[in-house]
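This report refers to the structure that appears directly beneath it.
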Amino acid sequence: MKKLWLLLLLLPNLASAQQTNIQTTEYPNDYLSPEFHAGRRAAFKEKMPAKSVGIFFASQVRLRNDDVDYQYAQSKNFYYFTGLEEPNSLLLLFKEPTTILGKTGTEFIFVQNRDPQREMWNGKILGVEGVTNRYKFSNVFLNKDFTSNTFNINDYDSVLTAFRSEDIFQTYPRTRDELSRMAGVVDSLIKQYKKPIAARTTAQILTALRGIKQPEEIAILEKAAAISVEGHNEVMKAVKPGMTEYQAQAIMEYAFKRNGSEYPGYPSINGAAENACVLHYVTNLKLMKNGDLLLSDCAAEYHGYTADVTRTVPVNGKFSPEQKIIYELVLAAQDSAIAVCKPGMPYSGSDATARRVINRGLIALGIAANDMEARRYFPHGTSHHLGLDVHDLGIRGNMPFEPGMYLTVEPGIYIPPGSKCDPKWWSIGVRIEDDILITKDGNRNLSAGAPRTVAEIEKLAKAKSIFN
461 MKKLWLLLLL
471 LPNLASAQQT
481 NIQTTEYPND
491 YLSPEFHAGR
501 RAAFKEKMPA
511 KSVGIFFASQ
521 VRLRNDDVDY
531 QYAQSKNFYY
541 FTGLEEPNSL
551 LLLFKEPTTI
561 LGKTGTEFIF
571 VQNRDPQREM
581 WNGKILGVEG
591 VTNRYKFSNV
601 FLNKDFTSNT
611 FNINDYDSVL
621 TAFRSEDIFQ
631 TYPRTRDELS
641 RMAGVVDSLI
651 KQYKKPIAAR
661 TTAQILTALR
671 GIKQPEEIAI
681 LEKAAAISVE
691 GHNEVMKAVK
701 PGMTEYQAQA
711 IMEYAFKRNG
721 SEYPGYPSIN
731 GAAENACVLH
741 YVTNLKLMKN
751 GDLLLSDCAA
761 EYHGYTADVT
771 RTVPVNGKFS
781 PEQKIIYELV
791 LAAQDSAIAV
801 CKPGMPYSGS
811 DATARRVINR
821 GLIALGIAAN
831 DMEARRYFPH
841 GTSHHLGLDV
851 HDLGIRGNMP
861 FEPGMYLTVE
871 PGIYIPPGSK
881 CDPKWWSIGV
891 RIEDDILITK
901 DGNRNLSAGA
911 PRTVAEIEKL
921 AKAKSIFN
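837 is the number that our numbering gives to position 377 of the sequence shown; each next residue is one higher, with no gaps.
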């Protein structure tokens with residue numbers, strides 16, 4: 461079976477599959493523009509208090525094992541403000557113009573130097589000239605030039621930063637690390653001059669900005685959703701008894717990579733039968749049998765932005781009566797929750813609405829005796845914001861939706877074996893998750909291309925797959 465699937469993955473007729481993102485240039489050219497990042501810096505500076513400085517670091521390089529690092533993933537805040545995906549960098553933002561190393565302005569970036577030896581192993585480093593030209597920064601310096609004398613932190617009343625919670629210090633580094641050196645300099649200055657870190661103000665500003673997606677961001681999010689949809693549709697067509705969860709994952713992630721996704725947006729969840737009742741199940745090793753349900757919570761990341769899509773499908777292509785009842789209860793909850801996602805309605809409304817539908821349904825079915833018992837079978841929230849992070853920054857609680865907000869709607873019911881209900885319901889785990897953009901007139905489901913109803917799923921399951 462494993463050899464067969466490997467051969468199928470190599471067959472040339474895979475090229476006949478529909479491609480969501482067709483690249484026609486030598487390298488992708490649809491990244492966020494320098495003007496977008498400059499606009500985000502300007503928006504942050506506008507919200508900064510007087511006499512304050514914003515300090516944002518790139519992410520740390522992470523060791524995987526021995527002398528091999530994980531593939532680098534940039535800090536989302538740093539990427540939002542710069543677009544730069546290189547490590548060992550620091551961004552300074554000022555409310556009022558200041559002079560640093562002979563240059564005057566309100567934003568300064570310190571980056572790593574070019575190094576032919578490192579570039580031979582790991583690829584091109586942009587350096588000062590490259591960052592200046594590509595990202596249109598006016599004040600670019602080498603990271604080695606950042607010292608305790610670069611600017612006088614004592615001139616500022618508050619420091620807007622999140623670096624102490626970003627795990628970028630290295631007490632005993634393997635090699636010399638400019639990022640942790642610069643972070644150490646900043647930390648020492650803050651302690652020396654007893655400057656308050658305005659963590660709450662920093663979080664409030666970032667939440668206000670990142671919680672409302674700009675048109676350029678929405679265009680990328682649409683691509684991430686479309687790529688994710690294709691992956692789910694391929695799994696619906698290909699899944700069958702005798703496959704493993706990891707083979708479903710392979711089909712899903714093949715579609716992602718084929719269409720230009722750099723990574724999955726988060727570890728892929730492919731849980732069949734009782735594993736569908738484990739909310740963050742990522743082992744994906746089970747052999748799937750006739751009668752199992754497969755819950756696939758998988759999505760693509762595209763140019764830094766991720767989708768988050770879940771579909772639950774019968775492995776044999778046909779829902780059993782009990783599976784259909786639970787599935788359609790979850791779908792009714794999702795439909796009701798999506799309906800309240802519109803400007804002026806509270807963020808909490810999606811969860812309250814979905815939970816009300818599911819609670820009533822579970823009680824009517826005799827699975828739960830009351831709302832408290834029903835929560836055992838729907839233990840998570842219905843929505844979270846989505847964007848640069850799969851759980852992105854954005855409003856919570858009773859604050860109202862605004863156009864440009866982007867969130868999931870993902871009710872679920874999970875009935876693991878041994879639950880205090882009729883065993884006919886055991887091992888049924890259903891989640892349906894879609895990515896909803898709040899518009900001025902209501903909302904738009906960016907992941908609607910993946911079938912959601914029982915009839916649509918069973919119809920697609922009969923379609924020919926390139927994988928069988």
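Glycine residues also receive a C-beta, built at the ideal position from the N, C-alpha and C atoms. Computed from a predicted model, the values in this text were never measured in an experiment.
Residue burial annotation: G543 is buried, with at least 16 other C-beta atoms found within 10 angstroms of its C-beta.
Assignment of H845 by DSSP, reduced to helix, strand and coil, places it in the strand class. Along the stretch 755–815, the beta strand (DSSP E) occurs as fully enclosed runs of 3 or more residues at 760–762 and 770–774, listed in sequence order. Under the DSSP assignment, K919 falls in the alpha helix (DSSP H) whose first and last residues are V914 to A921. Rounded to whole angstroms, the separation of the alpha carbons of T667 and K507 is 12 Å. Taking the C-beta atoms as reference points, P871 is found nearer than 8 Å to I818. The beta carbons of G847 and K673 sit about 6 Å from each other, so the pair counts as a contact at 8 Å. Within the same chain, no residue comes within 6 Å of K654 by CB-CB distance, once the 5 residues on both sides are set aside. For N525, the uninterrupted beta strand (DSSP E) segment begins and ends at L523 to N525. A direct Cα-Cα distance of roughly 42 Å separates Y787 from R500.
Ranked by Cα distance from S843, the options T610, I798 and S879 are led by I798. Taken through DSSP and simplified to helix, strand or coil, N548 comes out as coil.
Partner residues in the beta bridge of K563, as assigned by DSSP, are I560. Sorting P547, K700 and L550 by C-alpha distance to the C-alpha of L754 places K700 at the top. If you look at L669, you'll find it in the alpha helix (DSSP H) that goes A659 to R670. D852 and D795 have their alpha carbons spaced roughly 23 Å apart.
By the CB criterion at 8 Å, Y532 and P547 fall inside the cutoff.
DSSP places K555 within a strand segment (E or B) once states are collapsed to three. DSSP places G587 within a helical segment (H, G or I) once states are collapsed to three. Counting other Cβ atoms within 10 Å of its Cβ, G764 reaches 16 or more and is therefore classed as buried. Using a C-beta cut-off of 8 Å, the stretch 566–575 makes no contact with the stretch 614–625, since fewer than three inter-stretch Cβ pairs fall below that distance.
Where G644 is concerned, the enclosing alpha helix (DSSP H) starts and stops at E638 to Y653. Using a C-beta cut-off of 8 Å, the stretch 623–632 makes contact with the stretch 511–529, since at least three inter-stretch Cβ pairs fall below that distance. Here G857 is exposed, its C-beta having fewer than 16 other C-beta atoms within 10 Å. With the rule of 3 Cβ pairs closer than 8 Å, the stretch 685–705 counts as touching the stretch 729–737. Between K778 and the set A684, H840, G725 and A921, the nearest pair of CA atoms involves A921. Residue state for V699 is assigned as coil, using DSSP reduced to three classes.
With the rule of 3 Cβ pairs closer than 8 Å, the stretch 802–813 counts as touching the stretch 886–906.
Counting along the chain, I827 sits inside no beta strand (DSSP E), nor does DSSP assign it H or E at all. Annotated three-state conformation of L822 is helix, per DSSP.
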